[in-house]
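If you're matching positions, the sequence shown starts at 61 in the working numbering and goes up one per residue. Even glycine gets a Cβ: it sits at the ideal position worked out from N, Cα and C. As the structure is a prediction and not an experimental result, all values here were calculated from the model. Accompanying notes for the structure given below.
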Amino acid sequence: MLNKSRETWLKIGVAALVGLYLLDHFILPSAMGSWKAQSTRLETLQTKVVRGRRILQNERSIRSRWTQMQTTDLNEDSSTAENDVYKALNRWSQNSRTSFTSLTFSPWRNHDEGYETYECRATVLGDQASLGRLIYELETDPLPARVEDCEMTARDAQGKQINLALKFSFVRIGAAVKNAR
61 MLNKSRETWL KIGVAALVGL YLLDHFILPS AMGSWKAQST RLETLQTKVV RGRRILQNER
121 SIRSRWTQMQ TTDLNEDSST AENDVYKALN RWSQNSRTSF TSLTFSPWRN HDEGYETYEC
181 RATVLGDQAS LGRLIYELET DPLPARVEDC EMTARDAQGK QINLALKFSF VRIGAAVKNA
241 R
């Protein structure tokens, strides 16, 4: 009788060990993986909800900025738009007391999102203050322009004459607005 009881306890122990082994190697890892994936999804969703709430809170300012961008957009006629660009370049040069030593324009480039860019590479000569003013003029102008690359090089030992290599682009969003309507 004692042997039967002992045999029963051994069977229960072996079954428990096999059960723990299966639980440790097969069930728990898949459950842990799905729990981690679920917590990652929850964190992503929480981040999106916070971002969405922030956008909703700023809706009025975002819409007014978008309206402003539409009103200051470059003309859909490329030659008129390029004329506006040349006028802006002249205005920036005069306001900053700099001189463009070279200007190179790339052709208009269409983007899949429905907007176009007009890229310009320029070399400008001036002192540090005037070049800083030029960049300020470019960034604050109502035309949709953006500085993409900027490199300054001193032309003299005192640093009074600085050469600025500048890459900037203009954007035309008219096509995107038409597609949205």
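{"Check": "Distance CB(residue 190)-CB(residue 162) smaller than 8 angstroms", "Outcome": "no"}
{"Check": "Spatial distance of residue 99 from residue 170 (CA atoms)", "Outcome": "40 angstroms"}
{"Check": "Distance between residue 79 and residue 93 (C-alpha atoms, nearest Å)", "Outcome": "20 angstroms"}
{"Check": "Residue 108 (DSSP reduced to helix, strand or coil)", "Outcome": "helix"}
{"Check": "Identity of the residues DSSP links to residue 179 by a beta bridge", "Outcome": "229"}
{"Check": "Alpha carbon of residue 220 to alpha carbon of residue 118, nearest angstrom", "Outcome": "44 angstroms"}
{"Check": "Counted within 10 angstroms of its Cβ, other Cβ atoms place residue 73 as buried (16 or more) or exposed", "Outcome": "exposed"}
{"Check": "Collapsed DSSP secondary structure at residue 242 in the structure displayed", "Outcome": "This structure gives no information on residue 242, because the portion of the chain shown stretches from 61 to 241."}
{"Check": "Pairwise C-alpha distance: residue 222 and residue 145", "Outcome": "24 angstroms"}
{"Check": "Stretch-stretch touch, CB-based, cutoff 8 angstroms, three pairs: the segment 98-112 with the segment 177-185", "Outcome": "no"}
{"Check": "Limits of the unbroken beta strand (DSSP E) element including residue 272", "Outcome": "Residue 272 lies beyond the range of the chain shown here (61 to 241); nothing can be said about it."}
{"Check": "Same chain only: Cβ atoms within 8 angstroms of residue 229, ignoring 5 sequence neighbours per side", "Outcome": "177, 178, 179, 180, 205, 206, 208"}
{"Check": "Proximity of residue 34 and residue 160 at Cβ, strictly below 8 angstroms", "Outcome": "Any property of residue 34 remains undetermined from this structure, which presents the chain solely from 61 to 241."}
{"Check": "Burial state of residue 133 (16 or more Cβ within 10 Å)", "Outcome": "buried"}
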